[in-house]
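For the sequence shown, the tail end lands on 185 under this note's numbering, and the numbers increase by one without skipping.
Report on the following structure.
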Amino acid sequence: MSLLEIFAFLTSLAGVSLGVLGPRITWIFWNLGSLLYAALFFQSSYYASAALQFLFIAGGVWGWFGWGPKGAKPRKSTDRERIFLVTSLIVFSITLWPFLLYIGATSSAIESFGFVGSVIAQLLMVWQRFEAWPIWFIVDLAYTYQYFSGGLYLTAFLYLIFTGIAVWGWVRWRREAEKTIND
């Protein structure tokens, strides 16, 4: 466990926890944690996870402006959008997997699924869709296993915490989205 991993852990935990509550400031912590994890994942040969952090940073900038000063206003996706999201997750995960094998990524199957699932969940977060949280739940479980197996124990513990936070976000954002429909 390095100092880099400890700082990445703390800032990421703050960013994701704040994300459930929806204040705009979440994106500052999200971006700092992503920058620190990009360095850690690159050092550990989790190349897709390292690259993903830069997409998280771009999403964080977009989220900062997209959420506005009052924060997130969660809403639900349509059934058609959900089918498109699940189809995209499957197709792009299968497509990315051989490339990760080719470049020698540490955990190609989980990294492929995690990368694609995280991109979709990040977009849903920026778009303030409650469906981000069930995707985060599945992705975080997969990453918990990956990082534990790879010896990044603090990061594995963080992703286990993220799994619980995803349940919290799922419940809270769904409730908020239903309020929006009823208003």
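Where is the CB? At the ideal position from N, CA and C, for every residue including glycine.
Per-residue DSSP class, three states only, for residue i
| i | result |
| --- | --- |
| Arg-26 | coil |
| Ser-114 | helix |
| Gly-17 | helix |
| Leu-154 | coil |
| Ser-47 | coil |
| Ser-4 | coil |
| Ala-10 | helix |
| Ala-168 | helix |
| Gly-35 | helix |
| Ala-179 | helix |
| Thr-146 | helix |
| Gly-119 | helix |
| Thr-108 | coil |
Cross-strand partners of residue i (DSSP beta bridge)
| i | result |
| --- | --- |
| Arg-82 | Partner(s): none; Arg-82 has no beta bridge. |
| Arg-77 | Arg-131 |
Buried or exposed (CB count within 10 angstroms, at least 16 for buried), residue i
| i | result |
| --- | --- |
| Gln-45 | exposed |
| Asp-142 | buried |
| Met-127 | buried |
| Pro-76 | buried |
| Gly-119 | buried |
| Gly-65 | buried |
| Tyr-149 | buried |
| Gly-106 | exposed |
| Thr-13 | buried |
Residue j beta carbon less than 9 Å from that of residue i
| i | j | result |
| --- | --- | --- |
| Phe-9 | Leu-38 | yes |
| Ile-27 | Leu-20 | yes |
| Tyr-49 | Gly-152 | no |
| Phe-164 | Trp-129 | no |
| Gly-62 | Trp-32 | yes |
| Phe-11 | Thr-146 | no |
| Ala-144 | Ala-134 | no |
| Pro-1 | Gly-73 | Since the first residue shown for the chain is 3 and the last is 185, residue 1 is missing from the structure and cannot be characterised. |
| Lys-78 | Ala-179 | yes |
| Ile-91 | Phe-115 | As written in the sequence, residue 91 is Leu, which differs from the Ile given in the question. Yes, Cβ-Cβ distance for Leu-91 and Phe-115 is below 9 Å. |
| Ala-60 | Ala-52 | no |
| Gly-23 | Arg-174 | Checking the sequence, you will find Leu at residue 23 rather than Gly. Against a cut-off of 9 Å, the Cβ pair of Arg-174 and Leu-23 comes out as a contact. |
| Glu-113 | Leu-102 | yes |
| Arg-15 | Leu-160 | Note that residue 15 is Leu in the sequence shown here, rather than Arg. Yes, the pair counts as a contact, with Cβ atoms nearer than the cut-off. |
Any C-beta of chain B under 9 Å from that of residue i
| i | result |
| --- | --- |
| Val-88 | Judged by its chain identifiers, the structure shown contains no chain B, having just a single protein chain. |
Uninterrupted alpha helix (DSSP H) stretches inside the segment 49-73 (no shorter than 4 residues): Correct list: 49-69.
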